[in-house]
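Heads up: the sequence shown at position 28 corresponds to 28 in full-length UniProt numbering, and the numbers run straight through without jumps. Presented below is the structure to which this report refers.
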Amino acid sequence: MGDGNLSNPNGRAIRLRITCDKKYPQLIKNFQKVIKKVLPNNKISLIKRDGGCLDISCYSNKWPKILGWKPGPKASQISGIPNWIKSDKKYLTHCLKGLIETDGCIYKDRGYKMIGFTSTIENLSKDVFYGMATLGFKPRIYKVKLPKKLARFNVRLAKNVEMFINLVGPIKR
């Protein structure tokens, strides 16, 4: 989900890779902390990339069961938020935090604070929409047609934004 993916580059262990901008060191630390909490005995690597980014990487064959998706392109797998996260408001809140931090933004439109989430993965976008609604908010979802039969999905929250920010607590503000 978000700026992460699963791959199997060595044919043995599955790698979780999350790409982060180096200008968000607290976000990087938070991702490391969460991975360590889920898999306390696994090594977490930071791999520098061009363009001011780095990859957080952790290998485990447990990732598909934990996350509910397989290695490979997320869009072709109809990826979304795993059911075990959607069914627990605490987990859902943390998940929405991570998704807003990776594929979302907080911005002002005509002086009003808004929250946006963008993805080309329809199922994930719908899960973000329903996740916000489950927490008591009233988001809107829009489909934007792109060339070559592609689409982008925008989820926007325009009301009670400060309440959402206080509940979810994204680092990017």
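Yeah, the Cβ is synthetic: ideal placement off N, Cα and C, and Gly gets one too.
Residue i: first and last residue of the uninterrupted beta strand (DSSP E) it sits in
i      : result
Leu16  : Arg15 to Asp21
Asn154 : Ala151 to Leu157
Thr118 : Tyr112 to Ser119
Lys108 : Gly104 to Asp109
Test item: CB-CB of residue i and residue j under 8 Å
i           : j      : result
Asn154      : Tyr142 : yes
Cys58       : Asp21  : no
Thr93       : Leu67  : no
Ser79       : Trp63  : no
residue 174 : Ser7   : It is not possible to answer for residue 174, since the shown part of the chain is limited to 1 through 173.
Lys159      : Ala151 : no
Backbone secondary structure at residue i - three-state DSSP
i      : result
Met1   : Model confidence at Met1 stands at a pLDDT of 47, short of 50, so the residue's coordinates are unreliable; what they give is reported in the following sentence. Coil.
Arg143 : According to the sequence displayed, residue 143 carries Lys and not Arg. Strand.
Leu135 : coil
Lys43  : coil
Ser125 : helix
Tyr91  : helix
Lys97  : helix
Tyr24  : coil
Ile165 : helix
Lys48  : strand
Ile56  : strand
Distance between beta carbons of residue j and residue i, contact taken as under 8 Å
i      : j      : result
Val161 : Ile100 : With 8 Å as the limit, Val161 and Ile100 do not qualify as a contact, their Cβ atoms being about 11 Å apart.
Gly4   : Arg17  : 6 Å
Ile165 : Ile106 : 7 Å
Gly98  : Phe117 : At roughly 11 Å, the Cβ-Cβ gap does not stay under 8 Å, so Gly98 and Phe117 are not in contact.
Ile14  : Gln32  : That pair is no contact at about 18 Å.
Where residue i falls, given that 16 or more other Cβ within 10 Å makes a residue buried
i      : result
Pro139 : buried
Val168 : buried
Pro170 : buried
Asp127 : buried
The alpha helix (DSSP H) enclosing residue i, as first and last residue numbers
i     : result
Ile85 : Asn83 to Lys86
Pro64 : Trp63 to Leu67
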